[in-house]
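Heads up: the sequence lines are chains A and B, in that order.
So the first sequence is numbered by this note's numbering: it starts at 1 and just counts up by one.
So the second sequence is numbered by this note's numbering: it starts at 439 and just counts up by one.
Idealized CB from N, CA, C, for every residue including glycine.
See below for the structure under consideration.
There are 2 protein chains.
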Amino acid sequence: MRVLARDVAAAAGENPGAEVQVSGWVHRIRDMGGITFVVLRDRSGILQLVFNEKPVDSSGAALTLESVISARGVPALNGKAPGGVELRVSALEVTGRAAPELPYQVNADISRLGLETILDNRILSLRSPKIRSIFNVQAAIVEAFSAYLRSRDFTEIKTSKLVWGGTEGGTELFEVEYFDRKVCLAQSPQFYKEVMVASGMERVFEVAPAYRAEKHDTPRHLNEYVSLDVEMGFIESEKDLMELEKGLLCHVFEELNRGNGADLARWNASVPDADAVAASPVIGYEEAVKLASELSGRAGGGRIFDLNPEAERFLCEWSKKEHASDLVFVNEFPRRYRPFYTYPSDANRTMSFDALFRGLEISTGGRRQHSYEAFVDALPRFGLKLENMRNYAALLQYGCPPHGGFAIGLERLTARILGLANVKEASLFPRDRKRVAP
Amino acid sequence: MRVLARDVAAAAGENPGAEVQVSGWVHRIRDMGGITFVVLRDRSGILQLVFNEKPVDSSGAALTLESVISARGVPALNGKAPGGVELRVSALEVTGRAAPELPYQVNADISRLGLETILDNRILSLRSPKIRSIFNVQAAIVEAFSAYLRSRDFTEIKTSKLVWGGTEGGTELFEVEYFDRKVCLAQSPQFYKEVMVASGMERVFEVAPAYRAEKHDTPRHLNEYVSLDVEMGFIESEKDLMELEKGLLCHVFEELNRGNGADLARWNASVPDADAVAASPVIGYEEAVKLASELSGRAGGGRIFDLNPEAERFLCEWSKKEHASDLVFVNEFPRRYRPFYTYPSDANRTMSFDALFRGLEISTGGRRQHSYEAFVDALPRFGLKLENMRNYAALLQYGCPPHGGFAIGLERLTARILGLANVKEASLFPRDRKRVAP
C-alpha cells in the first residue's frame, strides 16, 4: 500500500519501525560515497530516501533523474530532511526509467528558463512544482466559479463549439472542414447561453474552450482559451451583472486563500480580500478614457483615445491608489465598440462593461437586446441582414426575458492572480500562430 | 423583488394579503369569459394567474403564449390551482412579447413530436420542462463526477482541442484551417491526460468536447460530444480503474436520487442503487462474445462475432437477469481492437475494458503502456513510425509511471439513465452530418 510523501511522518508515528512504500519521481540524487540521498517527488510533495548502497535498477543500471520508482523502507526522523523525516530504503523498484539525458534539468531554478523553452518542453516543465501550481490554482478557480453559481440556482450547460458561422460577420474565425461544408469554431457560447436563458433555465454557466483566429502574438492573447461564461435572465441593467461578478470573484479569491495557500506562496502571490473587491469602483467609458489620458500625461505619456492596454494599466493603478482595489469596472461602452446584441442605454451608449484586474481586462459583459423589434431596427447600423440572422431572430421572437451575462478568461484571471508575465504560461498546452504542439 | 413560482405560497404565508411580483413565460391561457386564467412558467415551476379583465400589453394587444411577463398581485389559496395557490393579478407588464404564431405549441404533449422537430426547433423545444429536465440531469452528472474525483485528489485540467493530428493515424478527424496549416479537432484528451499524470499531477480529470468525424448516423453517435475523462498513475491493472468507475457511477446515481428526483420522475426513470453497482459483473472479451452468441441463438438470432451493439444489449440483459445489475464490464480486449498505447496483458490481450450500461457502451478505458522500449517495439504492429510519434515518445522517455484511465460519454450516460431512444436528445445542440444549427 503506497503512502504519499506528505503522509510518511504520520504513518511512522502510527506504526513506529514498520516499513512503508512510497512511489514517485527521482527529483535529486546526491552520492555521498558510502551513502546516497535521493529526493523523491510525488503529487503531495517531496521525501528524502537514504540508500546504504548505490541505487540501481534490476539490470544494475544506475538510477537516473526523473525516473519513476517505488521504494520500501523504514521512516526515520531527521531534522535536516525536508519535512523532518526520511526513508531508509530496503527495496527499490524502477517502474519507469528516464533517459539519462534530459532536454533540461527539471530540478533547476526555472526562473532562468525562457517561455519558449518552458512551452516547447511542456512534458518536462510541468514537472516543476512551481509551474504545476499554476494549474492547481486554475482548477480551484473553475471549482469555485462553478460552486458559487450553482449555489445561486445557475445550471451548467455544454454547448456546441461548431457553429454555422457568420452571424456576427466576424473575421477572426477558424474554419473547420465539416463533411461537405465548412463550419466555424465558436468564438463564444453567446447565442447558446442566451437560448438557454430564454428556454426557461434563466440562469446558466459554461466552462469550455473558445477560439479567436487573431494573428497577433501578445502576452495577453491566446488563439484557444477557456471561457468562464455566465448568463442570467430578469436583470435590470449591467449593474446586476457587475454585482454578480464581484460576488463571484470574491468567492474565487476566498477559496484560493482557503485551499491554495501553498500554490499562491510559490508565486509570492496574494488575492484581494472581500473588502477590496466590494470597494471596486465603476467608471463610465468616456470618463475612464479621460482619466487614463490624464494619468498618462502626468506619467509623461501622451493622450489616450480608447480603452487600450495602456489605459487598462493606468485605470488599475488608479483604482489601487484611490480605492485600494485591484479591480475596476468600466461600463457604458459606446455602441460602436460593442456587438449588435448589446442593449443600448441611450442613442450612443450601452449597458455593457469590462472588468479590469491588476492591469488587464479579464472579463466582458453586458445586458443583451431582448426585443425583436429593437434588434431588427439596429441591424443596418451593424451592416447585418435579417435573412442571415434567422436563428438569432427566433431567439427573440418567441418570448425572451431581459437578460445579460459576462465571460471571464480563465487563463487571464489565473495569470493576473499569480503575476505571470504572459497569459500563455497559464495555458497547459497553449496555441498561437506558430505553436500547435505538444 | 421577484418571487419564484415555487415560493409564492410561502411568501403568502409569511405576509398574508401582501402583493408579490412574479416573472416568467405564458404557458397557457384560458379565457373563461369574465375571468382569464394564465399559467405562468418560470425556472422553478408553474403558477396560476387570475385576471378579472382580459390581459393585454401596454399597447392593448392580447397576451400571446410564450410571451415573457411580470405580474403583481395578491396570492390566494385555491385547492384547484397547481401548487394550491394562485395570484390575483393587479398589474401586468409584458417584457418580451412572443409572436402570435409559434412553430409548434410548447404546452402540448411532446411525446408526439418527432426528434427532427425537437432538434430543428431547439429554441422552443427546450421550453418543455420535460425536455429541459434532461439537461438538469446532465448538469448534475457533471457536478457529481467532478466532486467525486476532487474528493479523491484528482485535479481538473483543460487541454487543447486543436491537435497536430495524425499520431494515431486516425481517419475520423475533422480538419481545421489554422493560419497557414491544418490541424485537427481532438478525438480525446488521451495524450494530454497522460502527460499530466507523468508530470506529477498523477490524477486528473477533464470535462470537454471531443470530436469524431464518423459519417454514419445512428441513435448511438454524435460527431461532437462531451467526454468525461479520467486518468491516474500508479495503478496495477484495469481492475483499479473499473473499481474507480464503479465508485464514481455510484456517486453520480446517489446524487441524482438526492437532487434530481423530479427530473427522473418526468422520464419515469430510476437509477441503480449502490448494491446493484457493486454487483456489476466483469467478463473477459472472448467469454463475452461467446455468451452474447449463445444468448442470441437462444433468442432466435444468429452467431455474434464481436462486441457489436447487439452483443452489448444481450450482455446487459444477462447482467440484469443473473446479477441484478444494469452495468457490466467487459475486459481483456484483443490487442487488434485497441490503440497502440494500450497495455498488453499477454501476447494477444490487453488490460482494457468497456463499461456497458442498460444496453449501451458508455465508457472505454484501460491501463496504458508506460515503457518506452515496449512502445517502440509495438509500433510496427500498428503500422506506426517512431518519427511521427516524437511527442508520445517524449512522454514515455522521461520517466512515466504505470497508469491508465477511462472516458465516459456524457450524452450516452444521460440517455441511458433517462431511457432516451437517441443520444442526440441528450445533447443541447447536437451535431451530425446534416445538422450544424442551431
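### Query
What are the uninterrupted segments assigned as alpha helix (DSSP H) that are 4 or more residues long and contained completely in the stretch 690-727 of chain B, given in chain order?
For the stretch 690-727 of chain B, the continuous alpha helix (DSSP H) assignments of 4+ residues that do not extend past its boundaries occur at 699-704, 712-716, in sequence order.
### Query
Does the beta carbon of tyrosine 343 of chain A come closer than 8 Å to any beta carbon on chain B?
Interface criterion not met: the Cβ of tyrosine 343 of chain A is under 8 Å from no Cβ in chain B.
### Query
Considering only residues of the stretch 449-493 of chain B, which uninterrupted beta strand (DSSP E) runs meet the minimum length of 3 residues and lie entirely inside it, listed in chain order?
458-469, 474-480, 483-489, all fully within the stretch 449-493 of chain B.
### Message
Less than 8 Å between CB atoms is the rule here; does phenylalanine 475 of chain A satisfy it with respect to chain B?
### Response
Any question about residue 475 of chain A goes unanswered here, given that chain A covers just 1 to 438.
### Query
With a cut-off of 8 Å, does the C-beta of proline 100 of chain A fall near any C-beta of chain B?
The Cβ of proline 100 of chain A sits no closer than 8 Å to any Cβ of chain B.
### Query
Where lysine 455 of chain A and valine 614 of chain B are concerned, what is the direct C-alpha to C-alpha distance, given to the nearest angstrom?
Residue 455 of chain A is absent from the model: chain A starts at 1 and stops at 438.
### Task
Could you tell me the boundaries of the alpha helix (DSSP H) in which threonine 414 of chain A lies?
From DSSP, the alpha helix (DSSP H) with threonine 414 of chain A extends over 410-418.
### Query
What are the boundary residues of the beta strand (DSSP E) that includes aspartate 784 of chain B?
For aspartate 784 of chain B, no beta strand (DSSP E) encloses it, and the DSSP letter there is neither H nor E.
### Query
Could you give the C-beta distance for asparagine 69 of chain A and valine 50 of chain A, rounded to a whole number, given that I count them as a contact under 8 Å?
One detail in the question is off: residue 69 of chain A reads as isoleucine in this sequence, not asparagine. At roughly 14 Å, the Cβ-Cβ gap does not stay under 8 Å, so isoleucine 69 of chain A and valine 50 of chain A are not in contact.
### Task
Consult DSSP for serine 505 of chain B and reduce its assignment to one of helix, strand or coil.
In the structure shown, serine 505 of chain B adopts coil according to DSSP, grouped into three states.
### Task
Taking only the alpha-carbon atoms, compute the straight-line gap between leucine 694 of chain B and isoleucine 572 of chain B and give it to the nearest angstrom.
Whole-angstrom Cα-Cα distance: 12 Å.
### Task
May I have a chain-ordered list of the alpha helix (DSSP H) segments no shorter than 4 residues that lie completely inside the stretch 575-644 of chain B?
Counting only runs of 4 or more, we get 628-634.
#### Entry: chain A contact for phenylalanine 562 of chain B (CB, 8 Å cutoff)
First, the amino acid is wrong: residue 562 of chain B is leucine here, not phenylalanine. By this cut-off, leucine 562 of chain B is an interface position.
### Task
Give the straight-line distance between the Cα atoms of arginine 751 of chain B and valine 727 of chain B, rounded to the nearest whole angstrom.
So the two alpha carbons sit approximately 12 Å from each other.
### Query
Quick one: any contact between the stretch 341-348 of chain A and the stretch 366-380 of chain A, if contact means 3 or more CB pairs under 8 Å?
These segments touch.
### Whole-angstrom distance between tyrosine 225 of chain A and alanine 208 of chain A, CA atom to CA atom
Taking the straight line joining both Cα atoms gives about 8 Å.
### Task
Check the Cβ of proline 840 of chain B against every Cβ in chain A and list those closer than 7 Å, keeping chain order.
Here the neighbours are Thr95.
### Task
Examine chain A for any beta-carbon lying closer than 8 Å to the beta-carbon of glutamate 676 of chain B, and answer yes or no.
Chain A contact via Cβ: absent.
#### Entry: Within chain B, the residues that methionine 201 of chain A reaches when beta carbons sit closer than 9 Å
In chain order: Arg481, Leu564, Arg570, Phe573, Asn574.
#### Entry: chain B residues whose Cβ lies nearer than 8 Å to that of threonine 159 of chain A
In chain order: Leu866, Phe867.
### Query
Among B/Asn698, B/Glu652, B/Gly699, B/Ala730, which has the Cα closest to the Cα of arginine 869 of chain B?
Selected option, being the one with the closest Cα: B/Glu652.
### Task
Let me know if alanine 91 of chain A comes out buried or exposed under the rule of 16 or more other beta-carbons within 10 Å of its beta-carbon.
By the neighbour-count rule (16 or more Cβ atoms within 10 Å), alanine 91 of chain A is not buried but exposed.
### Message
Does alanine 10 of chain A pass the burial test, meaning 16 or more other C-beta atoms within 10 Å, or should it be called exposed?
### Response
Alanine 10 of chain A should be labelled exposed.
### Task
Check distances from the C-beta atoms of the stretch 303-325 of chain A to those of chain B and list, in chain order, the residues that come in under 7 Å.
For the stretch 303-325 of chain A, there are no residues whose beta carbon sits under 7 Å from a beta carbon of chain B.
#### Entry: Within-8 Å CB hit, leucine 600 of chain B to chain A
Yes, leucine 600 of chain B counts as interfacial toward chain A.
### Task
Tell me, please, whether the CB atom of glutamine 48 of chain A is closer than 8 Å to any CB atom in chain B?
Taking Cβ atoms only, chain B never reaches closer than 8 Å to glutamine 48 of chain A, which makes this a no.
### Task
For histidine 221 of chain A, decide whether its Cβ has a neighbour in chain B, counting only Cβ atoms nearer than 8 Å.
No, no contact with chain B.
### Query
What are the boundary residues of the beta strand (DSSP E) that threonine 961 of chain B is part of?
Only positions 439 to 876 of chain B appear in this structure, which leaves residue 961 of chain B out of reach.
### Message
Let's test the definition: count the other Cβ atoms within 10 Å of the Cβ of lysine 434 of chain A and tell me whether it reaches 16, buried, or not, exposed.
### Response
It is exposed - the Cβ of lysine 434 of chain A has fewer than 16 other Cβ atoms within 10 Å.
### Query
How would you list, in chain order, the residues of chain A whose beta-carbon sits under 8 Å from the beta-carbon of glutamine 459 of chain B?
Within 8 Å Cβ-Cβ: nothing; glutamine 459 of chain B doesn't reach chain A, min ~10 Å.
#### Entry: tryptophan 267 of chain A at chain B interface by Cβ criterion, 8 Å
No, tryptophan 267 of chain A lies away from the interface with chain B (no Cβ there is under 8 Å from its Cβ).
### Query
For valine 74 of chain A, which three-state DSSP category applies?
The answer is strand: DSSP assigns valine 74 of chain A an E or B state.
### Query
Candidates B/Glu581, B/Cys688, B/Trp602, B/Glu504: which alpha carbon is nearest alanine 712 of chain B's?
That would be B/Cys688, whose Cα lies nearest to the Cα of alanine 712 of chain B.
### Task
Identify the continuous beta strand (DSSP E) that holds glutamate 539 of chain B and give its terminal residues.
Premise fails: glutamate 539 of chain B is in no beta strand (DSSP E) and is neither H nor E.
### Query
Per the contact definition of three or more C-beta pairs closer than 8 Å, is the stretch 517-526 of chain B in contact with the stretch 477-488 of chain B?
Under the three-pair Cβ rule at 8 Å, the stretch 477-488 of chain B counts as touching the stretch 517-526 of chain B.
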